[in-house]
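Student: Below are the structure tokens for one structure; questions will follow.
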Amino acid sequence: MSAVFGLTGDTKAELEQAFQPPNDDLQQATGVVGGLMVLLSATAVSRAMQRLCRRAWAIPRAGTRIAPWRWLAWIVLWLALLFVQGPLRDGFGLGVWLGVPIVLLTQTVLWWWTQHLLLGGLVLWPPLLPGAVITAVAVTGLSVTAHFYMPRALDRALDEYGSAGPVFVLLSWLIVVCVAIAVGISTGAVLSGERFLAGRLGSRAPQNRTG
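This is the structure:
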């Protein structure tokens, strides 16, 4: 949260205190339970993203199987990018003027690769590019906005509702991000099938295969 939303100072300290377990035993217990819950739900997120890509590209479920390792690979890369989002946005210390283009490029590569990975290569790389670019622009815009809006929203939620407040703020933020991703990927799939782009991108019907 600190890296993604740029939390510093009192807001970061208050948030850490709000989510800090009162004793070591509870911290160890919640750590184990939390780790198990993350492992159980991680592939559910990947499968939901895969269903989104399938529906956007109108790929039927019958006759197509995607190897499960792709779900885990997507989660690992997504988490890795999440941890380095702060330095990327700051341009590795050189400023936002460099950070924003870097984040935009990184997000474009991520969502381009995401579609290819979760679709199992059923769609060629070029037709996936419009969706990747649209999604990257939307997510990058939200990331920049979060850096200015979320610290104040989290601080206000902590003051008014205690430790439960940030949970609702984060859920609202995740809903906005998910809607942006769904719209971006779906719009890209539609645009890739339009006549003025289909010929240039080599769009064609996906081929059934396993992998």
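Here the sequence shown is numbered in my numbering, starting from 393 and rising by one per residue.
Each residue gets a CB set at the ideal place from its N, CA and C atoms; glycine is no exception.
1. Going by beta-carbon coordinates alone, are Gly594 and Pro519 separated by less than 8 Å?
2. Give the DSSP-derived three-state secondary structure of Arg453 in the structure shown.
3. To the nearest angstrom, report how far apart Trp565 and Trp504 are at their CA atoms.
4. Measuring only the C-alpha atoms, how far is Val582 from Leu444?
5. Check the C-beta distance from Val437 over to Ile467 and give it rounded, since I have them as a contact under 8 Å.
6. What residue range is occupied by the uninterrupted alpha helix (DSSP H) comprising Phe475?
7. Can you tell me which of the three DSSP states Ile458 falls into?
8. Taking Leu509 as the reference, give the member of Gln412, Ala410 and Trp470 with the closest Cα.
9. Do Ile577 and Gln507 have their beta-carbon atoms positioned less than 8 Å apart in this structure?
10. Can you give the beta carbon distance from Gly580 to Ala524, rounded, assuming they're within the 8 Å contact cut?
11. Count the other CB atoms, across all protein chains shown, that sit within 10 Å of the CB of Phe588; report buried if there are 16 or more and exposed otherwise.
12. Rounded to whole angstroms, what's the CA-CA distance from Ile451 to Trp517? Just pull it up for me.
13. I need the straight-line Cα distance from Ala395 to Leu563, nearest angstrom please.
14. By Cβ distance below 8 Å, which residues in the same chain neighbour Asp482 in space, the five residues on each side in sequence not counted?
15. Got a sec? Which residues, its chain only, sit under 8 Å from Ala538 by beta carbon, not counting five neighbours each side?
16. By DSSP, does Leu509 sit in helix, in strand, or in coil?
17. State yes or no: is the C-beta of Glu408 within less than 8 Å of the C-beta of Leu550?
18. When the Cα atoms are used, what is the spatial distance from Gly591 to Val571?
19. Classify Ile526 as buried or exposed, calling it buried when 16 or more other Cβ atoms lie within 10 Å of its own Cβ.
20. State yes or no: is the C-beta of Val495 within less than 8 Å of the C-beta of Leu480?
Tutor: Looking at the coordinates:
1. yes
2. In this structure, Arg453 counts as coil in the three-state DSSP scheme.
3. 23 Å
4. 13 Å
5. 7 Å
6. Trp461 to Phe475
7. coil
8. Trp470
9. Yes; because the gap between Cβ atoms is below 8 Å, this pair is in contact.
10. With a Cβ gap of about 7 Å, Gly580 and Ala524 count as contacting.
11. exposed
12. 16 Å
13. Note on geometry: alpha-carbon atoms of Ala395 and Leu563 lie some 17 Å from one another.
14. Val488 and Gly491
15. Val396, Phe397, Gly398 and Trp565
16. helix
17. Cβ atoms of Glu408 and Leu550: not closer than 8 Å.
18. 29 Å
19. buried
20. yes
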